[in-house]
Structure formats: structure tokens, C-alpha cells
Amino acid sequence: MEKTGLKPNRRSKITQQGNAWVVHVPRFGEEGEHLHTYGLLTPYFQGLTEGRLLATKCTNRKCPVKMDEPLWLPPRADCPDCHQPMVWEAIKNPMGYIYSYTYVERGGTGIEIETPYYQIDVKMPGVCTIVKGYLRNRTSIKIGDRVRAGFLTGDEATHTCLDLYWELQ
Ligand SMILES: [Zn+2]
Numbered sequence: 019m020e021k022t023g024l025k026p027n028r029r030s031k032i033t034q035q036g037n038a039w040v041v042h043v044p045r046f047g048e049e050g051e052h053l054h055t056y057g058l059l060t061p062y063f064q065g066l067t068e069g070r071l072l073a074t075k076c077t078n079r080k081c082p083v084k085m086d087e088p089l090w091l092p093p094r095a096d097c098p099d100c101h102q103p104m105v106w107e108a109i110k111n112p113m114g115y116i117y118s119y120t121y122v123e124r125g126g127t128g129i130e131i132e133t134p135y136y137q138i139d140v141k142m143p144g145v146c147t148i149v150k151g152y153l154r155n156r157t158s159i160k161i162g163d164r165v166r167a168g169f170l171t172g173d174e175a176t177h178t179c180l181d182l183y184w185e186l187q
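Residue numbers (my numbering): 19 to 187.
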């Protein structure tokens, strides 16, 4: 296991298509690679590789839904309620608590994290959604434990959602 907790050879190459990243995932070995674009969500993935967690929020005054916690994470390019483009906002001190978790002993086909590990759902202040991710710590945990976001950056970056992980505080 690498120190990241990810299986080896999971590094993805990135190319640029306009403003969007296209990720080349070496998921199929010699048979080829999986390609897809991050499109309008490219800033989220760019942010992860820079150690920043970016969410989106709706600034449309006529949006029919007003939320006390306006940030969406994972981000949405357009507001689910009024369908207008969202704006990006960095979460300065990304922390939260474990809302629920699963202890994964056997990953499914294609799982890129060494097992066993904890898949956790995190509630963050200011965020209206529950963020799904994985815990880097392998010690026992409980619901309500405080966690802090960490990032795989530089040479460690996979250019996928795996670049966001969580650590116990
Ligand atoms: Zn809206």
C-alpha cells in the first residue's frame, strides 16, 4: 500500500479541452484508459490538486429555495432549484463531523483504495449536502467524530475525487 492508502498505478493524466479538464484514467490496464471530461466542474478538481476545497452556491435572488447553509458539495454547475449557474466559493477551513460511515472490508471491482478502510459521510457547517469520502485513518471511529479534509496534491494527485480524503482531528 502506498502512504496515500490508494492502490498503486492509479495516477490519472489530465489534458485540457477549452476550459475543461479531461481525465485519462488507467483503469483498464493494457486494454486502454477511461476518458471523461469534468466540464463545468473542472474548478473543483483543479482546487483539490491545489489543496483547496471549492463548493458552489446559488446567488440568484429569485431562487425559490433559500437555505441557511447555501454551499453545495460536491459542487453543482447549475442550481438544482432554479437552474441558474452557481458561483464558486472556497471553504477556508474544511472540517466537519462523521454523519455516517461504512467499514469496507471488500471493495467492489475497480475500487481504488486499499481495504479495509472507512467510507464516511461528512456534515460540514455551511454545506447543505452530505459529503461522501474516505478516511485516511484506519483506527476505530464513531458517528460524530470530528474530521478535517486533506488533499492529494502535486505528485500524489490522482486528478479524481480521491484527491479529497478525511482525517480525524
Ligand atoms: Zn437557485
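Note that beta-carbon positions come from the ideal geometry of N, C-alpha and C, so glycine has one too.
Rounded to whole angstroms, the separation of the alpha carbons of Asp181 and Pro143 is 21 Å.
Beta-carbon to beta-carbon, Ile32 and Leu71 are separated by about 19 Å, too far to satisfy the 8 Å threshold. In the DSSP annotation of this structure, Gly128 is not part of any beta strand (DSSP E), being labelled neither H nor E. Here the stretch 109 to 122 lies against the stretch 158 to 175, with 3 or more beta-carbon pairs under 8 Å apart. Judged by their CB atoms, Glu107 and Lys75 are nearer to each other than the 7 Å cut-off.
Taking the C-beta atoms as reference points, Gly23 is found nearer than 7 Å to Arg154.
When only Cα atoms are considered, Trp39 and Gly172 end up about 16 Å apart. Exclusion of the five residues before and after Asp96 leaves Gln102, Pro103, Met104 as the residues of its chain whose Cβ lies within less than 7 Å of its Cβ.
Approximately 6 Å separates the beta-carbon atoms of Tyr152 and Tyr135; this is inside 8 Å, confirming the contact. In the DSSP annotation of this structure, the continuous segment of the alpha helix (DSSP H) that includes Thr60 starts and ends at 60 to 67. By a beta-carbon distance limit of 8 Å, Leu91 contacts Ala73. Their separation comes to about 4 Å.
Residue side-chain check: Cys81 places its Cβ nearer than 6 Å to a non-hydrogen atom of ligand 1.
Counting only residues of its own chain and dropping the five nearest sequence neighbours on each side, Leu66 has a CB closer than 6 Å to the CB of Phe169, Asp181, Leu182. Around the CB of Thr60, 16 or more other CB atoms lie within 10 Å, so the residue is classed as buried. Distances from the alpha-carbon of Ile148 to those of Thr176, Pro93, Thr178, Gln187 put Pro93 closest.
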